[in-house]
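Okay, so the sequence shown: first residue is 1 according to the working numbering, each after it adds one. C-beta: ideal position from N, C-alpha, C; glycine also. For reference, the structure discussed in these notes is given below.
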Amino acid sequence: MKYLLLIFIGIVFFLSCKKDKVAYEPTPYQLDIPAHFPSMQIPEDNPMTVEGVELGRYLFYEKKLSGDNSMSCASCHAPANAFSDGNQFSAGIDGILGSRNSMALINLGWNEFFFWDGRSKTLEEQILLPVRDPIEMHETWTRAMQKIKNDQDYRNRFYKAFNTDKADSTHAAKAIAQFLRTMISGNSKFDVMYKHENGLPLSASEQVIYNSISLNEWGGYDLFKSLNGADCFHCHNGPLMQVKKFSNNGLDATFTDLGRGAITGNSNDNGKFKVPTLRNIEFSAPYMHDGRLATLDDVINHYSHFIQISPTIDPLIEFASQGGVQLDAQEKNLIKQFLLTLSDEEFINNPAFKAP
Numbered sequence: 001m002k003y004l005l006l007i008f009i010g011i012v013f014f015l016s017c018k019k020d021k022v023a024y025e026p027t028p029y030q031l032d033i034p035a036h037f038p039s040m041q042i043p044e045d046n047p048m049t050v051e052g053v054e055l056g057r058y059l060f061y062e063k064k065l066s067g068d069n070s071m072s073c074a075s076c077h078a079p080a081n082a083f084s085d086g087n088q089f090s091a092g093i094d095g096i097l098g099s100r101n102s103m104a105l106i107n108l109g110w111n112e113f114f115f116w117d118g119r120s121k122t123l124e125e126q127i128l129l130p131v132r133d134p135i136e137m138h139e140t141w142t143r144a145m146q147k148i149k150n151d152q153d154y155r156n157r158f159y160k161a162f163n164t165d166k167a168d169s170t171h172a173a174k175a176i177a178q179f180l181r182t183m184i185s186g187n188s189k190f191d192v193m194y195k196h197e198n199g200l201p202l203s204a205s206e207q208v209i210y211n212s213i214s215l216n217e218w219g220g221y222d223l224f225k226s227l228n229g230a231d232c233f234h235c236h237n238g239p240l241m242q243v244k245k246f247s248n249n250g251l252d253a254t255f256t257d258l259g260r261g262a263i264t265g266n267s268n269d270n271g272k273f274k275v276p277t278l279r280n281i282e283f284s285a286p287y288m289h290d291g292r293l294a295t296l297d298d299v300i301n302h303y304s305h306f307i308q309i310s311p312t313i314d315p316l317i318e319f320a321s322q323g324g325v326q327l328d329a330q331e332k333n334l335i336k337q338f339l340l341t342l343s344d345e346e347f348i349n350n351p352a353f354k355a356p
């Protein structure tokens, strides 16, 4: 009876690890990239597939990736907040607060470094870190993947996406990266303004939007780009509304967070952080790397009056010596109205980006 019991347990274990009879027939995924956007470079070792994207979507919302099965990636990157966290700092599964604001996940397929300090060079690499971070999801990837692979549906999904019965953290990161690359925001009032400004054709629906753009919104856009106005264009331009650089934007005269400098060890990088996109800025409050500014009005006031001088201040902040660009109340209102044109309701409400 003892031997029969052991054989029975062995059979049950074997069957629990076995996937269904599913085929590996990956379907190429066609990204819906707006015509006025640059092309997206996809890693050769992680081509986009329908199966991979769908698996990544499941994993993005999967709480089993955390140590106590209570937190997923989406816990700190909610759709309503442009896939950021509405709190200044996010709390991990142990109730410990982080020290930086959760970044919005928008158009990441065009980014070349990740996190506020740029410590990860690829999206796949970035995805690996929050799971094992003790102040975030606080789990080992070995245990997380064991929990995932105990689910027969997941075993089937990994096989269909990657042709493997032995999925590991690398496969999970690749799947989530594929999903994140589909999260493209390019359907705002600003996009119509940008296309018109650059002589690109407008569709019939875009023409309707163009006709609705107010003089104040156009005025705010002009002020946004003006060297003698708000002077925002140096760090936020093009269809992505983001320059690929690290910048000290005058938040502090002395630093409690070295930012990029803590990664490079170069004092010239102290106080510099990744320039974020301004897309969907209406939804992604609070602002700055530490979430210290609660509202868009606070952001506009910072660049108008409260710039702090330090050795690494971005030289493109040309009016730093006088505290900022000194916008008056009317100009601040115009800038705010323009910033609201960057809102993409279709993006934050896209069912393809929500929990499956």
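For residue i, the three-state DSSP class (helix, strand or coil)
i, result
"Y24", "coil"
"F14", "Model confidence at F14 stands at a pLDDT of 49, short of 50, so the residue's coordinates are unreliable; what they give is reported in the following sentence. Helix at F14."
"Y61", "coil"
"G259", "strand"
"S226", "coil"
"A352", "helix"
"A35", "coil"
"K272", "strand"
"S75", "helix"
"L97", "strand"
"S84", "strand"
"F158", "helix"
"T312", "coil"
"G238", "coil"
"I127", "helix"
"S304", "helix"
"A104", "coil"
"S267", "helix"
"Q152", "helix"
"L200", "coil"
"V325", "coil"
"D68", "coil"
"N280", "coil"
"D298", "helix"
"S345", "This sequence places Glu at residue 345; Ser is not what is there. Three-state DSSP puts E345 in a helix."
"G186", "coil"
"E54", "helix"
"E217", "helix"
Counterpart residues of residue i in DSSP-defined beta bridges
i, result
"T254", "Paired residue(s): none; T254 is not in a bridge."
"T49", "P28"
"Y287", "L293"
"F246", "K274"
"F233", "According to DSSP, F233 bridges with nothing at all."
"A91", "L97"
"S120", "F114"
Alpha-carbon spacing of residue i relative to residue j, whole angstroms
i, j, result
"P130", "H138", "8 angstroms"
"N268", "Y303", "22 angstroms"
"S343", "E282", "6 angstroms"
"M193", "Y210", "7 angstroms"
"V12", "K121", "Interpretation of V12 is limited by its pLDDT of 46, a score under 50 that renders its predicted location unreliable; the figure taken from the coordinates is listed afterwards. Near 43 angstroms, if we compare the C-alpha coordinates of K121 and V12."
"G291", "D165", "42 angstroms"
"S84", "Y287", "11 angstroms"
"H289", "Q308", "16 angstroms"
"F162", "P201", "40 angstroms"
"I127", "A352", "20 angstroms"
"V22", "A167", "15 angstroms"
"I213", "K189", "8 angstroms"
"R155", "H171", "12 angstroms"
"N274", "K174", "For the record, residue 274 in the displayed sequence is Lys; it is not Asn. Taking the straight line from one Cα to the other gives about 23 angstroms."
"L227", "S102", "31 angstroms"
"Q152", "G265", "46 angstroms"
"G323", "F306", "5 angstroms"
"L316", "A74", "35 angstroms"
"L339", "M183", "20 angstroms"
Whole-number beta carbon distance between residue j and residue i, since they are thought to touch under 8 angstroms
i, j, result
"F347", "N237", "Contact doesn't hold; Cβ gap of about 20 angstroms is too wide."
"W116", "M40", "Actually they do not touch by this definition, with Cβ atoms about 22 angstroms apart."
"D257", "V325", "Going by Cβ atoms, the distance from D257 to V325 rounds to 25 angstroms, so no, they are not a contact pair."
"G271", "S310", "6 angstroms"
"D191", "P38", "Wrong, their Cβ atoms sit about 14 angstroms apart, outside the cutoff."
"L123", "L180", "6 angstroms"
"L59", "M48", "Wrong, their Cβ atoms sit about 15 angstroms apart, outside the cutoff."
"D314", "N248", "5 angstroms"
"Q337", "E217", "5 angstroms"
Start and end residues, alpha helix (DSSP H) containing residue i
i, result
"L180", "169 to 181"
"F338", "329 to 340"
"K166", "No alpha helix (DSSP H) holds K166; DSSP gives it neither H nor E."
"I205", "The question names Ile, yet the displayed sequence has Ser at residue 205. First-last of the alpha helix (DSSP H) with S205: 204 to 212."
"A144", "141 to 149"
"H196", "189 to 197"
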